[in-house]
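Undergrad:
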Amino acid sequence: MPIVGGLLAAIVGGIVWAVIAALTERELGLIAIVIGALTGYAVVLFSNKRIATVHKVIAVIFALIGILLGKYLTVVYFTSELFSDAGMMDLVFDGEMVSAFVDTFTDYFSEPIDLLFIVLAIVSAWQIPGRMARTSLASNASSSDHAPRA
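To convert, count from 1 in the sequence shown and add 12; that's the numbering used here.
Written as structure tokens, this is what we have:
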């Protein structure tokens with residue numbers, strides 16, 4: 013189930029990134045960090061707060077997928093704005109669009125600031141599950157310390 017949570021968070025995060033980019037006509041790198049945190053949180057929720065290292069890896073992978081999806085949808089949106097005869101939904105699944113994105117993939121991640129936000133997204137996706145698991149364990153331990161009174 014953590015994979016489902018990570019996938020849902022990646023899709024939602026990628027769409028939110030593209031919508032914000034479309035509304036502001038700018039890409040905000042902070043959204044990458046939010047995607048990392050969102051995937052970490054979703055993995056924790058869908059794993060019933062039982063976290064292992066594999067859950068952190070799942071969160072990181074889906075954070076990267078969410079960032080990639082956000083970049084792709086942003087490129088598709090701005091491409092559809094350039095060519096008024098092509099709708100955004102037509103371009104999302106267009107083979108030529110996907111090929112063009114793959115061919116120019118490194119251009120979208122070539123700036124040092126892009127790499128910084130990707131690293132910060134990875135860090136947040138990795139740390140959130142561990143912190144939430146520790147918080148959950150601490151709250152469970154403190155609630156079991158109090159014996160019921162007669």
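C-beta atoms are modelled at their ideal positions from N, C-alpha and C, and glycine is treated no differently.
#1: When you compare the CB positions of K68 and P124, do they come within less than 9 Å of one another, or not?
#2: Buried or exposed for T86, please, with buried defined as at least 16 other CB atoms from any protein chain shown within 10 angstroms of its CB.
#3: Name the residue from M100, L20, D126 whose alpha carbon lies nearest to the alpha carbon of I43.
#4: Could you tell me whether the Cβ atoms of V72 and G48 are closer together than 9 Å?
#5: Evaluate A162 with the Cβ neighbour count: other Cβ atoms within 10 Å of its Cβ, from every protein chain shown; 16 or more gives buried, anything less gives exposed.
#6: Under DSSP, the alpha helix (DSSP H) around I63 begins and ends at which residues?
#7: Rounded to whole angstroms, what's the CA-CA distance from L35 to F58? Just pull it up for me.
#8: What residue from A64, K83, A112 has the CA that sits closest to R38's CA?
#9: Does the stretch 13-31 touch the stretch 51-65, meaning 3 or more C-beta pairs lie closer than 8 Å?
TA: So, from the listed chains and residues:
#1: In the sequence shown, residue 68 corresponds to position 56, counting from 1. In the sequence shown, residue 124 corresponds to position 112, counting from 1. Taking 9 Å as the Cβ cut-off, K68 and P124 do not qualify as a contacting pair.
#2: Position 74 of the sequence shown, counted from the first residue, corresponds to residue 86. Buried.
#3: For the purposes of this step, residue 43 is taken as residue 31 along the sequence shown, with counting starting at 1. For the set M100, L20, D126, the Cα lying nearest the Cα of I43 is the one of D126.
#4: What you label residue 72 is simply residue 60 of the sequence shown in a count that begins at 1. What you label residue 48 is simply residue 36 of the sequence shown in a count that begins at 1. Cβ atoms of V72 and G48: closer than 9 Å.
#5: Counted from its first residue, the sequence shown places residue 162 at position 150. Annotation note: pLDDT 49 at A162 (below 50); position unreliable, no value reported.
#6: Here the question's residue 63 lines up with position 51 in the sequence shown. No residue range can be given for I63, since it is assigned to no alpha helix (DSSP H) and is classified by DSSP as neither H nor E.
#7: Position 23 of the sequence shown holds residue 35. Position 46 of the sequence shown holds residue 58. Here the C-alpha atom of L35 lies approximately 31 Å from the C-alpha atom of F58.
#8: Along the sequence shown, one-based indexing puts residue 38 at 26. Of A64, K83, A112, the residue nearest in Cα terms is K83.
#9: Touching, yes.
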